[in-house]
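Comments concern the structure below.
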Amino acid sequence: MASLRSMELEINGAQYALTIEPRVTLLDALRENLGLTGTKKGCDQGQCGACTVHVDGERVLACLTLAVQAEGRSIRTIEGLASKDDTLDAVQQAFIEEDAFQCGYCTPGQIMSAVACIREGHAGSDAEIREFMAGNLCRCGAYNGIVAAVRKAAQRIQGAAA
Amino acid sequence: MNDFDYLRATALDEASTLAKTPGTMFLAGGTTLIDLAKCGVERPGTLVDITRLPDLSAVTVDEAGATIGALATMSRVAVDAAVTERYPAVSEALLLAASAQLRNMATIGGNLMQRTRCAYFRDPAGYPACNKRMPGSGCSALENVTRDHAILGTSDQCIALYPGDLSVALTALGATVRTTSREIPIARFFVEPGDRPDRETVLERGEIVTAVHVPASAAAANSTYLKVRDRQSYEFAAASAAVGLELEEDGRTIRDIRVALGGVATVPWRAEAVEAALRGRRLGETTIREASRAAVEGARSWYANGYKIELACRVVARAIMEVGGIK
Amino acid sequence: MSLTDSPAKYGSVAGSETASGPLGRAALRGDGSLKVRGAATYALEQPVEGVLHCVLVQSTIGAGRVAAIDRSAAEAAPGVRLVLDAGNSLTLAPMPDFFGNTPPGDSYVPFAREISFNGELIAAVVADTLEQARAAAALLEVTYEEARSVPTFSDPRAGEGRAVDAMTKEWGEPDAAFAEAPVRIEATYETPREYNLPIEPHGLIVHFEADDRLTIYEPTQWVDGTARNYAGWFGLSFDAVRIVSPFIGGGFGSKAQGLPHSAAAAIAAKMLGRPVKLAVTRPQTFTAYGGRPATRQTLRLGAAADGRLLALDHDAASETSVTGTFTETLGIVTKMMYAVPNLSSRQNVVPVNTVLPGPFRAPGKNPSAFAFECAVDELAVELGMDPVDLRRVNEPDHDFETGKPWSSRRLLKCYDVAGEAFGWAGRNPAPRSMREGRQLIGWGMAVGTHPVYAAPGEATVRLLANGSVEVSSSAIDMGTGTYTILAQTAADVLGVPVEKVTVRLGDSRLGRAPVAGGSQLANLMTAAVHKTALAARDELVTLGLTDPNSPLRDQANTLTVADGRIGASRGGAISVGELLAATGRDHLEVTRDTLPEADRTPEERQRMFSTLAGRGALPDLPVSRHSFCAHFIEVRVDEDFGTIRVSRVVTAFDAGRLYNPKLAESQFKGGIVMGIGMALLEEGVTDPRNGRILSSNLADYRIATNADVPEITTISVGEPDYDATPLGGKAVGELSIVGVAPAIANAVYHATGRRVRSLPIKLDDLL
Ligand SMILES: Cc1cc2nc3c(=O)[nH]c(=O)nc-3n(C[C@H](O)[C@H](O)[C@H](O)COP(=O)(O)OP(=O)(O)OC[C@H]3O[C@@H](n4cnc5c(N)ncnc54)[C@H](O)[C@@H]3O)c2cc1C
Ligand code: SF4
Ligand code: FES
Ligand code: FES
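Written out as structure tokens, the structure reads:
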């Protein structure tokens with residue numbers, strides 16, 4: 001049997017120490033070991049996007065990442081998106097304004113994906129947003145709102161940068 | 001998942017040596033391996049994480065061709081300016097695959113090595129019989145629901161589809177796979193199931209894919225990847241085609257053409273018969289559609305996948321028309 | 001154009017007596033801030049100390065019996081606390097399900113020995129960590145005695161099934177009328193098994209605080225009904241069970257009762273004396289509850305040359321399980337949609353080796369409308385008539401099924417408004433008449449409808465000294481907007497801003513509420529909160545006028561409550577807080593329900609909310625109450641590949657008064673998105689040999705992605721309908737999915753000339 005392994009993960013700028021088996025996924029480590037339950041599990045098979053987090057600034061699926069693979073990387077989850085003074089990120093704000101969710105379960109994944117989508121420069125048109133957000137399923141069917149929110153947030157971010 | 005050890009390799013030969021032990025597997029992006037470990041298909045004893053090996057993620061494009069490091073991620077390669085310009089089929093095949101998140105994780109080496117999505121293969125508890133998982137145990141797909149199974153390159157042991165997109169483009173463009181010990185033309189890298197469906201490539205135990213080399217050509221620079229599926233995105237191909245085309249000076253006569261198919265065969269499928277039928281011919285919709293029928297020579301359908309025969313021909317034809325500028 | 005900015009004429013709350021107040025406004029979702037921060041706590045995220053992890057094991061045969069389960073390897077695996085199967089499980093009392101099916105015998109064990117479907121629960125493993133439990137579950141050695149299964153109703157051995165008497169309906173002389181009708185069509189339509197697949201999989205945490213007291217954190221659309229399940233299983237009183245379900249990651253009908261896995265987790269917790277967490281895996285969810293059963297409907301329509309329907313014959317069948325009856329009520333739209341003077345409708349259920357099917361968004365209505373609305377389109381083609389004109393000709397002035405007048409029916413308005421916004425008038429009726437490059441373009445339309453159901457509800461309203469208001473009920477919000485509209489309702493009555501109202505939901509310790517299903521909850525809970533808030537306002541006024549310590553005592557005949565203040569219309573007002581403080585209180589609390597007045601024992605009251613009995617308690621109304629909508633849809637079909645993309649959707653809705661048009665629009669669009677998936681993608685694929693679900697994951701069971709959905713235009717033509725519900729709303733949540741699939745199928749026909757009568761319409765259907 002493989003032994004437990006001690007590791008440190010950097011999540012939302014803080015260091016977390018944990019001792020777990022190597023087979024524990026980043027998703028289960030977040031939800032079951034670290035109490036960071038904002039990241040959701042919709043399939044555990046890479047097929048829905050609910051578990052999207054950022055590793056070294058890029059959107060990835062926490063359900064197909066072993067926690068140990070993320071050692072030494074910088075992880076960001078939905079809990080770390082709002083600023084220190086609790087001001088919502090532009091994408092979070094736009095999601096509320098555009099009612100880009102219903103049950104809210106896919107939402108953290110959608111938002112983490114959207115933040116990256118904008119940063120990658122893939123929010124140039126509605127068609128592009130739809131394609132580059134296609135890896136995040138929403139059974140409530142909030143897709144129109146999601147596209148509107150990403151478009152709006154992208155404009156605000158560009159406006160702020162200009 | 002079964003319990004396994006995890007090691008992080010720091011040098012290529014170290015990784016190679018570690019992986020000579022049976023039960024040891026390389027872990028790259030993990031999007032195939034961790035998924036299959038959860039399904040109970042892969043039961044590794046030890047995972048050797050190769051993602052921190054140095055020097056394996058570069059993408060260099062020069063006059064001779066593109067060299068893509070095995071650890072470069074799909075998304076990196078897809079948006080590489082030189083790849084997009086000189087090897088559009090490669091970039092398109094990558095962008096049409098999986099999702100943005102998966103492409104950020106998945107590596108080029110891992111992508112070649114991805115395994116079939118055959119529903120029976122992925123469900124060992126429900127279907128103990130699978131020659132690919134366990135040679136000699138039988139095949140649960142034969143005589144059953146097979147809408148997503150192969151029509152080309154099958155054997156009476158296994159009809160599972162090779163699901164990847166990138167390798168189809170690489171096959172059309174005549175790429176070479178570089179490993180720790182040799183260079184393998186992509187046409188010889190993948191092996192058809194025959195009576196050993198568990199063997200999918202010629203890689204030996206411990207052998208690591210280090211890079212993929214795509215030779216430069218005019219056909220590569222004028223290439224495309226066309227992928228057809230019911231869902232607009234985030235789905236494997238029902239049928240796909242990678243086509244590269246070079247015309248004579250007259251702008252109408254085909255000097256060089258490369259065609260490969262995806263979503264229909266047990267391995268990425270080069271359609272040499274289509275190429276031969278068109279080389280030297282003039283571009284034209286009728287000519288192309290007729291020649292494209294050769295893409296499915298020897299195809300055999302199983303229960304529910306007969307539609308792939310017709311679809312494959314049409315996808316090939318349309319991909320050729322697209323690079324040929326026929327609207 | 002969208003609902004929220006549709007022309008004022010079709011605005012959401014025109015004519016409503018509370019149009020000036022918060023109810024009816026497009027307020028932002030009250031729980032939005034929590035959800036976008038990842039701070040909304042779903043069931044499996046509740047912090048419970050010391051939980052053990054439970055993993056399910058399901059059968060891999062479709063019929064037969066479990067001969068033996070060797071638990072030893074699993075029991076010896078690291079971290080394992082308990083391996084449960086039929087042999088060592090605690091025995092519970094049998095409880096009727098939603099539909100009144102009670103497991104046979106006088107006891108109930110959720111682990112099957114006799115297997116009636118592939119994927120049936122047979123065992124469970126509890127371990128310290130999730131990884132340990134998963135790995136040990138794979139070590140169970142199960143030996144089966146396999147019997148031949150009949151996996152689907154397409155299997156000839158399934159036979160014809162049995163008739164559902166309640167579904168037999170006949171009026172006029174349908175056979176004679178059909179025989180004489182100058183224009184006739186006949187066709188058979190099929191829909192596959194479809195699964196609810198809320199993106200939050202099922203699961204729960206069970207915590208026995210004492211032998212006879214437990215708390216369950218479980219996503220449920222029906223807190224009270226679920227509490228009744230557990231109380232019954234364990235022989236406890238209703239009050240001994242607490243269900244906590246503040247957020248639900250979608251349900252669509254699948255999360256309304258305790259299921260076998262729920263019982264398994266509870267048994268494990270009880271036997272181990274430790275809290276147990278159980279997450280059903282995504283593949284397991286395909287058989288942990290029933291989705292929509294496969295359906296088959298043969299329709300015969302006879303019409304006059306001018307399009308008037310003369311006869312309708314409807315012969316339907318749906319799958320059910322071999323152990324229980326679930327009826328997907330396929331005649332439900334057929335019978336009431338148009339003016340049909342001669343009709344015959346009947347339905348069989350065909351038992352097969354499947355999990356008992358269950359309700360899934362617009363059960364019955366959805367597949368019913370698919371068949372009927374396609375058939376009407378086929379009739380229009382046969383008649384050479386425009387499909388909208390054909391529907392107009394057959395617009396009924398009353399409900400032909402019940403003989404009652406409509407409470408309201410603004411479907412003609414839907415045709416006008418949506419047809420115009422879509423540009424329907426420019427349609428060339430000939431198939432294959434529109435194209436762009438290699439894309440064939442088709443326009444199709446169809447209607448949807450949903451009945452207005454009613455049941456009683458209960459709410460508590462507390463007015464606090466700081467001027468804020470608390471509303472509470474065990475009702476739930478699964479994204480439907482309950483938090484938001486109940487705050488709006490209370491704010492409306494009590495004259496406070498919405499931000500001052502806190503709503504607490506989803507806890508069986510709060511006031512009673514019936515199931516969030518049948519699109520009834522919004523109407524009945526706004527009614528309950530409205531009534532309670534009025535009562536609270538009255539009590540406050542009485543307090544102000546009569547309490548010896550009230551500064552407002554005897555100042556006027558009555559007092560007005562507004563903006564957190566109370567006072568005589570002329571003269572000084574004081575804050576609600578001041579009044580409460582002066583009269584020696586820190587709050588005022590009122591609880592009311594909307595049960596008809598009657599003396600009831602506590603047990604009876606409970607039954608009204610925790611079973612479907614509540615519906616029966618309400619008086620039968622003299623009107624027929626339905627919502628309506630008309631979908632106009634454009635598709636593009638690649639002429640080589642047969643791939644279909646929906647490129648435009650315009651839908652007009654008559655759903656009465658919308659309590660919050662912004663959230664209603666989200667519901668409407670969500671239903672349309674699901675309808676797109678149903679039409680083109682979703683299919684439960686079954687192994688014909690053993691009934692195993694081959695598409696039991698989110699890659700193979702394809703739901704629509706963002707890229708499959710165009711910008712959708714929704715328009716409301718609804719007006720408050722106080723004959724339908726106390727506050728004028730009609731059914732919203734399930735309405736919009738009804739009619740989408742036929743509109744798409746009709747558009748595909750228009751694009752290609754191919755009539756596909758079996759869903760989903762895949763590329764291979766059009767090659
Ligand atoms: C939901 C989903 C949808 C997908 N859709 C598509 C799609 O549409 N098109 C498509 O093409 N793909 C698709 N994929 C597959 C995906 O592209 C592959 O999983 C991915 O490319 C594998 O790369 P990886 O780095 O994650 O490999 P890993 O999972 O890390 O490894 C895969 C295998 O390759 C071996 N390996 C990895 N690197 C090397 C190396 N350098 N040398 C030798 N052996 C190596 C590993 O040992 C393992 O056996 C999808 C995957 C998922 C989960
Ligand atoms: S087709 Fe191949 S992979 Fe699929 S069950 Fe048969 S042997 Fe296994
Ligand atoms: S939970 Fe990771 S993709 Fe679904
Ligand atoms: S909001 Fe419910 S799944 Fe997206």
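Chains as they are written, first to last, in full-length UniProt numbering: chain A, 1 to 162; chain B, 1 to 327; chain C, 1 to 767. We treat Cβ as the ideally placed atom computed from N, Cα and C, and that holds for glycine.
Query                                                                                                                                                                                                                  : Result
Is V91(A) close to chain B? Criterion is C-beta to C-beta, closer than 8 Å.                                                                                                                                            : no
Using the beta carbon as the reference atom, which residues fall closer than 6 Å to any heavy atom of ligand 3, ordered along the chain?                                                                               : K41(A), G42(A), C43(A), D44(A), G46(A), Q47(A), C48(A), G49(A), A50(A), C51(A), L61(A), C63(A)
Considering Cα atoms alone, identify which of R391(C), Y42(C), R537(C) is closest to residue 774(C).                                                                                                                   : The structure shown does not extend to residue 774(C), since chain C is modelled only from 1 through 767, so no value can be given for it.
Is there a Cβ of chain C sitting closer than 8 Å to that of D250(B), yes or no?                                                                                                                                        : no
Could you tell me whether any non-hydrogen atom of ligand 2 is closer than 7 Å to the CB of P197(B)?                                                                                                                   : yes
Is there at least one non-hydrogen atom of ligand 1 closer than 7 Å to the beta-carbon of P163(B)?                                                                                                                     : yes
Which whole-angstrom value describes the C-beta separation of A291(B) and A312(B), a residue pair presumed to lie in contact below a C-beta threshold of 8 Å?                                                          : Not a contact, Cβ separation roughly 13 Å.
Flag this pair as yes or no: are the beta carbons of V109(C) and A123(C) separated by less than 8 Å?                                                                                                                   : no
Taking the continuous beta strand (DSSP E) assigned at T188(C), which residues delimit it?                                                                                                                             : 183-191
Give me every residue whose Cβ sits closer than 5 Å to any heavy atom of ligand 2, in chain order.                                                                                                                     : C118(B), Y120(B), F121(B), C130(B), N131(B), K132(B), C139(B), S140(B), A141(B), C158(B), I159(B), A160(B)
Does the beta-carbon of Q101(B), which I'm using as the reference point, lie nearer than 7 Å to any heavy atom of ligand 4?                                                                                            : no
Contact criterion: CB-CB distance below 8 Å. Does N104(B) meet it with respect to chain A?                                                                                                                             : yes
Whether or not the stretch 37-55 of chain A and the stretch 92-108 of chain B are in contact is what I'm after, with contact meaning three or more pairs of Cβ atoms, one per stretch, closer than 8 Å; do they touch? : yes
Regarding Y195(C) and ligand 4, is the C-beta to nearest heavy atom distance less than 7 Å?                                                                                                                            : no
Considering Cα atoms alone, identify which of Q15(A), D99(A), L4(A), L9(A) is closest to R23(A).                                                                                                                       : L4(A)
For A169(B), tell me which candidate among F190(B), L245(B), V90(B) has the shortest Cα-Cα distance.                                                                                                                   : V90(B)
I'd like the ranges of any alpha helix (DSSP H) spanning at least 4 consecutive residues and lying wholly in the stretch 24-55 of chain C.                                                                             : 32-36
Going along the chain, which unbroken runs of the alpha helix (DSSP H) with 4 or more residues stay wholly within the stretch 239-296 of chain B?                                                                      : 272-278, 285-292
What is the DSSP secondary structure of H631(C), counted as helix, strand or coil?                                                                                                                                     : strand
For the stretch 71-95 of chain B, which segments carrying the alpha helix (DSSP H) assignment without a break, of at least 4 residues, lie completely within its bounds, in sequence order?                            : 74-79, 81-86, 88-95
Taking just the CA atoms, how far does N660(C) sit from S666(C)?                                                                                                                                                       : 10 Å
Figure out for me which residue from A465(C), G481(C), A375(C), A158(C) has the closest Cα to the Cα of R25(C).                                                                                                        : G481(C)
Is A325(B) buried or exposed, if buried means 16 or more other CB atoms sit within 10 Å of its CB?                                                                                                                     : Sequence inspection shows Gly at residue 325(B); the Ala mentioned does not correspond to that position. That one is exposed.
Return the residues of the stretch 69-103 of chain A that lie within a Cβ-Cβ distance of less than 9 Å from chain C, sorted by chain order.                                                                            : T77, I78, E79, L81, A82, D86, L88, D89, V91, Q92, Q93, F95, I96, E97, D99, A100, F101, Q102, C103
With a 10 Å radius around its C-beta and 16 neighbouring C-beta atoms as the bar for buried, classify R130(A) as buried or exposed.                                                                                    : buried
Any heavy atom of ligand 4 inside 7 Å of the beta-carbon of Q102(A)?                                                                                                                                                   : yes
For T171(B), name the three-state secondary structure that DSSP assigns.                                                                                                                                               : helix
Let me check you understand the geometry: is the CB of T31(B) closer than 7 Å to at least one non-hydrogen atom of ligand 1?                                                                                           : yes
Establish whether the CB of G24(C) and some CB of chain A are separated by less than 8 Å.                                                                                                                              : no
What first and last residue would you give for the beta strand (DSSP E) that runs through E8(A)?                                                                                                                       : 5-11
Is the closest heavy atom of ligand 4 to the C-beta of T651(C) under 7 Å?                                                                                                                                              : no
Does any CB atom of chain C fall closer than 8 Å to the CB of A142(A)?                                                                                                                                                 : yes
Which whole-angstrom value is the C-beta distance of V125(C) and V57(C), which I expect to be below 8 Å?                                                                                                               : 7 Å
What distance in whole Å lies between the Cβ atoms of S736(C) and T651(C), which are believed to be in contact at a cut-off of 8 Å?                                                                                    : 7 Å
Checking contacts by CB at 8 Å: is Q114(B) closer than that to chain A?                                                                                                                                                : no
Applying a beta-carbon distance threshold of less than 7 Å, which residues of chain A neighbour Y42(C)?                                                                                                                : Y105
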